[in-house]
Ligand SMILES: *Cc1c(COP(=O)(O)O)cnc(C)c1O
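Residue numbers (my numbering): 139 to 530.
Laid out in C-alpha cells, this is it:
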C-alpha cells in the first residue's frame with residue numbers, strides 16, 4: 139500500500155495544483171468508502187464473471203515449451219476477456235466508481251484506441267456518458283478502434299494541435315477535465331498519474347494474479363519458478379505480480395520495450411534507462427532530457443510507448459523485489475509469429491514482449507522449472523500491421 143500521501147517509497151504522490159489535489163482526495167475517499175462494501179464487491183464480482191468472462195484460463199503452452207526445451211511455459215489468458223485485453227478489468231472499476239460518485243461524465247485520452255474502446259465499453263455497460271480525446275494522426279491510423287468507439291456511443295474528440303498524437307490528446311482531455319472536475323472523472327488508463335490512481339487501478343487488476351496463483355497451484359501443486367509481464371505504464375504487470383510479492387521463491391520479471399535498441403533513441407525502457415523525476419502528476423523513473431522534459435519514446439507496441447511508469451514498479455525495482463529487463467521490436471515480432479504458429483494464439487504486440495523474454499530464458503532453465511506469462515491481450519489489432527511488415 140502507498141503511504142497516506144500516495145507514495146510507494148519515494149515514488150508516486152500528487153504533484154498537482156491544489157484545486158486538483160482536492161478533487162483527487164475526494165476520489166480517494168469515495169474509493170476508500172466503497173471498495174470493501176458488499177454491494178460494490180458483489181456488483182464487481184458479477185461483472186467480472188458474467189461480463190468480462192472471468193476467471194480467464196491458465197494455459198500450458200506445450201508445443202512452445204517443447205520447442206524451446208527447458209522451462210515449461212504457461213499463459214494467463216487475459217486475451218480472452220471481453221474486448222480482448224486486461225484493460226477492461228480497471229475500466230469497469232473506474233466506471234462503477236464514477237457512477238457511485240454521481241459523476242455526469244467519464245473522460246480520458248487514448249493513443250492507439252485500446253483504452254478508449256475498453257472505457258467506452260465499460261461506460262456503455264454502466265450507463266454513464268463517455269468522452270475520449272484522440273490525436274487526429276492516431277484517428278487516421280486506428281480505424282477499427284475509432285469505429286468501435288463511435289458504435290459504443292462515446293463522444294470522440296479529435297485533437298489536431300501539436301503532433302496530433304497521444305501527448306496532445308492527454309493535454310486536450312486534461313484541459314477539458316479541469317473545466318469541471320467536480321462533475322466528471324478522468325479515467326486513467328494504467329497504474330500512473332496522481333494518487334489514488336496507481337493504487338486503485340492496481341486493485342482492479344489484482345484479480346489477474348489472484349486467479350493465476352490459485353490456478354497454477356491447483357494444476358502444478360506448487361508455485362511457478364518465474365512470472366513475467368510486459369510493462370508500459372505497468373497495469374497488467376502489477377495485476378499479475380501483486381499476488382506473488384510475498385512468495386520469495388518466485389522470481390518476478392517485468393519486460394520493457396527496447397524498440398530498435400537501447401543504444402538508439404527509439405525505445406521506451408523507462409525503468410532500465412530512466413531517472414527519477416516528475417511526470418503527469420506523480421514521481422517515477424522517466425525518460426527525460428536535462429531539463430526534465432519527457433523525451434520522445436518509441437515501441438512497435440503502441441501500448442508500451444510511454445515515457446513514465448507506475449510508481450509501485452519504481453519502488454519494487456529499488457528494493458530489488460522485481461527485476462526489469464527489455465525485449466526489442468525484432469524479438470517481439472519473432473515471439474508474435476512463434477506463439478501464433480506453435481499454439482494458435484495471436485498475442486498483442488505488447489504481450490509478445492513478455493513472450494520474447496520467456497523464449498530467451500526458457501532454454502537456459504531446467505525442465506522442472508516453469509515460467510508464467512501474463513498474456514495481456516490478443517493480437518487482432520496488430521495482425522494487418524505485422525502481416526505488412528513481414529510481407530505475408
Ligand atoms: C495497454 C496495453 C498494455 C500496456 O499497459 P500496461 O498498463 O503496462 O499493462 C499491455 N498489453 C496490452 C494488450 C494493452 O492493451
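No residue lacks a Cβ here, since even glycine has one placed at the ideal position from N, Cα and C. Predicted, not measured: the structure shown is a model, and the values here were computed from it.
Collapsed DSSP secondary structure at residue i in the structure displayed
i, result
"residue 214", "strand"
"residue 407", "coil"
"residue 452", "helix"
"residue 386", "coil"
"residue 366", "strand"
"residue 426", "strand"
"residue 273", "strand"
"residue 219", "coil"
"residue 421", "strand"
"residue 241", "coil"
"residue 87", "Here the chain has residues from 139 to 530 only, and residue 87 is not among them."
"residue 154", "coil"
"residue 358", "helix"
"residue 325", "coil"
"residue 508", "strand"
Residue burial classification, residue i (beta-carbon count within 10 angstroms, cutoff 16)
i, result
"residue 228", "buried"
"residue 320", "exposed"
"residue 476", "buried"
"residue 424", "buried"
"residue 187", "exposed"
"residue 328", "buried"
"residue 426", "buried"
"residue 503", "buried"
"residue 488", "buried"
"residue 485", "buried"
"residue 408", "buried"
"residue 299", "exposed"
"residue 374", "buried"
Residues near residue i in its chain [Cβ-Cβ closer than 7 Å; skip 5 each side]
i, result
"residue 121", "Residue 121 lies beyond the residue range present for the chain, which begins at 139 and ends at 530; the question has no answer from this structure."
"residue 474", "485, 487, 490, 517 and 524"
"residue 481", "199, 201 and 202"
Same chain, Cβ closer than 6 Å to residue i, five either side skipped, listed in chain order
i, result
"residue 256", "221, 225, 226 and 229"
"residue 250", "280 and 440"
"residue 170", "none"
Beta-carbon proximity list for residue i, same chain, < 8 Å, skipping 5 on both sides
i, result
"residue 126", "Residue 126 lies beyond the residue range present for the chain, which begins at 139 and ends at 530; the question has no answer from this structure."
"residue 411", "400, 405 and 425"
"residue 276", "248, 249, 250, 251, 302, 303, 304 and 307"
Cβ-heavy atom distance, residue i to ligand 3, below 7 Å
i, result
"residue 342", "In the structure on display, ligand 3 does not appear, and the ligands it does have are ligand 1."
| query | In chain order, what residues place their C-beta within less than 5 Å of a heavy atom belonging to ligand 1? | reply | 223, 252, 328, 370, 371, 372, 373, 374, 441, 486, 488, 514 and 515
| Is the stretch 500-511 in contact with the stretch 210-224, if contact means three or more CB pairs nearer than 8 Å? | yes
| task | May I ask you to verify whether the stretch 326-340 touches the stretch 288-297, counting CB pairs closer than 8 Å and requiring at least 3? | result | no
| If we count Cβ pairs, one from each stretch, closer than 8 Å, do we get three or more for the stretch 307-325 versus the stretch 282-290? | no
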